[in-house]
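A quick write-up on the structure given underneath.
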Amino acid sequence: IKTNIYDNSDEASFYVANEIAELIRQRQRQGKHAVLGLATGSTPTKVYEFLVKFHQEEGLSFKNVITFNLDEYYPMEPDSIHSYVRFMNEHLFDHIDIKKENVHIPDGTLEKEDVRDFCDAYEKKIEDAGGIDIQVLGIGRTGHIGFNEPGSSLTSKTRLVRLDRVTRLDAASDFFGLENVPVKAITMGVGTIMAAKRIILMAWGEGKSEVIHQAVEGKIRESVPATFLQNHGNCNFIVDHAAASDLV
Ligand code: F6R
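Residue numbering for the sequence shown follows this note's numbering, beginning at 159 and increasing consecutively.
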């Protein structure tokens, strides 16, 4: 995996935001859509800040952009402070000119018996949009991408999953206690992610250094789902010095 190491997450995020903006402009010139796969969490927030800035200060338009978010907790109400719908609105969508109908986020409010159909339809919508041009990823300490926890297969698709205990522990402070962290989530699969034409995985800080080492230099295996990215032909890891500190 091509790994770019930056001095800090600001510089790295600026680089990623520019690549996304360049794709959007190129597609605008061609009269086409740009399809983005988006992540939540602390890692991509600066990328979204830069994209908002490009919109507000440089007139970058998102009218031709279609987005698919990786995941959402299940169950989850969209107006909850913990929902990824709310996260995306606050960090990005409320501040740009994207069309509401072009935004897709897994629905945490579904009845259990409707989840399977929703997930199949999510896959179909990605396909109908022409596939994901750039997929933005963070990485969890378990090696998860999206919420594909250890044991997720290479061919997995959008589905309901059970969250790993480590993932729930990492989210516990945000939820004011482990007992409040949802046990499940709806996530794109490893196969969904691998089908993206380009993948950019970002990681900041020492807390991610061990899993970055495993993902980049470890054996490809289901117990660290991010290792599957080693077989993607167009995947870049964008990390800061701290996250790169365990790389050989
Ligand atoms: C979020 C997602 C997760 C996070 C990962 C890292 O949509 O899919 O895989 O990217 O858990 O989270 P942060 O960035 O908060 O360290």
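Even for Gly, the Cβ is constructed at its ideal location relative to N, Cα and C.
- According to DSSP, is residue 296 helix, strand or coil? The residue labelled residue 296 in the question sits at position 138 within the sequence shown. Residue 296: coil per DSSP, three-state reduction.
- Message: Between 220, 337, 317, which has its C-alpha nearest residue 271's C-alpha?
- Response: Here residue 271 refers to the residue found at position 113 when the sequence shown is read from its first residue. The residue with the shortest Cα to Cα distance from residue 271 is 317.
- Where does residue 358 fall in DSSP's three states? As a first step, residue 358 is located in the sequence shown; it is residue number 200 there, counting from the start. Here residue 358 sits in strand by DSSP.
- Query: Would you call the segment 281-296 and the segment 231-243 touching, i.e. three or more CB-CB distances under 8 Å?
  - Reply: no
- Query: Taking DSSP as the reference, what is the three-state secondary structure of residue 265?
  - Reply: The residue labelled residue 265 in the question sits at position 107 within the sequence shown. Correct three-state label for residue 265: coil.
- Less than 7 Å between the CB of residue 118 and some heavy atom of ligand 1, yes or no? Because the chain is modelled from 159 through 406, residue 118 falls outside the range shown and cannot be assessed.
- Message: To the nearest angstrom, how far is the alpha carbon of residue 176 from that of residue 206?
- Response: The residue labelled residue 176 in the question sits at position 18 within the sequence shown. The residue labelled residue 206 in the question sits at position 48 within the sequence shown. Their backbone Cα atoms lie some 11 Å apart in a straight line.
- Assigned secondary structure, residue 334 (DSSP; H/G/I helix, E/B strand, else coil): Looking up residue 334 in the sequence shown gives position 176. DSSP places residue 334 in coil when its eight states are reduced to three.
- Please indicate yes or no: does the CB of residue 199 lie closer than 7 Å to some heavy atom of ligand 1? Here residue 199 is taken as the residue at index 41 of the sequence shown, counted from 1. For ligand 1, at least one heavy atom lies less than 7 Å from the Cβ of residue 199.
- Item | Rounded C-alpha distance that separates residue 363 from residue 350 | In the sequence shown, counting from the first residue as 1, residue 363 sits at position 205. In the sequence shown, counting from the first residue as 1, residue 350 sits at position 192. Roughly 27 Å separates the two Cα atoms.
- Near residue 376, what residues of its chain come up, given a Cβ to Cβ distance below 7 Å and the 5 sequence neighbours on each side ignored? What you label residue 376 is simply residue 218 of the sequence shown in a count that begins at 1. So the list reads 382, 385, once near-sequence residues are dropped.
- Message: Give me the DSSP bridge partner(s) of residue 237.
- Response: Here residue 237 refers to the residue found at position 79 of the sequence shown. Beta-bridge pairing links residue 237 to no other residue.
- Message: Please return the same chain residues whose Cβ sits closer than 6 Å to the Cβ of residue 256, not counting the five positions on each side in sequence.
- Response: For the purposes of this step, residue 256 is taken as the residue at position 98 of the sequence shown. Excluding residues within five positions, the ones whose Cβ falls inside 6 Å are 220, 223.
- Query: For the alpha helix (DSSP H) that residue 227 lies in, which residues bound it at each end?
  - Reply: On the sequence shown, position 69 is the one that residue 227 refers to. It is not in any alpha helix (DSSP H) - residue 227 instead sits in the beta strand (DSSP E) that spans 223-227.
- Which residues bound the alpha helix (DSSP H) around residue 318? In the sequence shown, counting from the first residue as 1, residue 318 sits at position 160. First-last for residue 318: 317-320, but that is the beta strand (DSSP E), not the alpha helix (DSSP H).
- Query: By DSSP, does residue 307 sit in helix, in strand, or in coil?
  - Reply: Mapped onto the sequence shown, residue 307 falls at position 149. Residue 307 falls in the coil class under three-state DSSP.
- Task: Please report how far the alpha carbon of residue 353 lies from the alpha carbon of residue 289, in whole angstroms.
- Result: As a working mapping, residue 353 is identified with position 195 in the sequence shown. As a working mapping, residue 289 is identified with position 131 in the sequence shown. Residue 353 and residue 289: Cα-Cα distance of roughly 7 Å.
- Item | Any non-hydrogen atom of ligand 1 within 7 Å of residue 386 CB | To locate residue 386, count along the sequence shown from 1; it is residue 228. Every heavy atom of ligand 1 is 7 Å or more from the Cβ of residue 386, so no.
- Query: For residue 349, which of helix, strand or coil comes out of DSSP?
  - Reply: Locating residue 349 in the sequence shown gives position 191, counting from the first residue. The answer is helix: DSSP assigns residue 349 an H, G or I state.
- Scan the segment 361-405 and note each continuous beta strand (DSSP E) run of 3 residues or more that stays entirely inside, going in chain order. Runs of the beta strand (DSSP E) inside the segment 361-405: 393-398.
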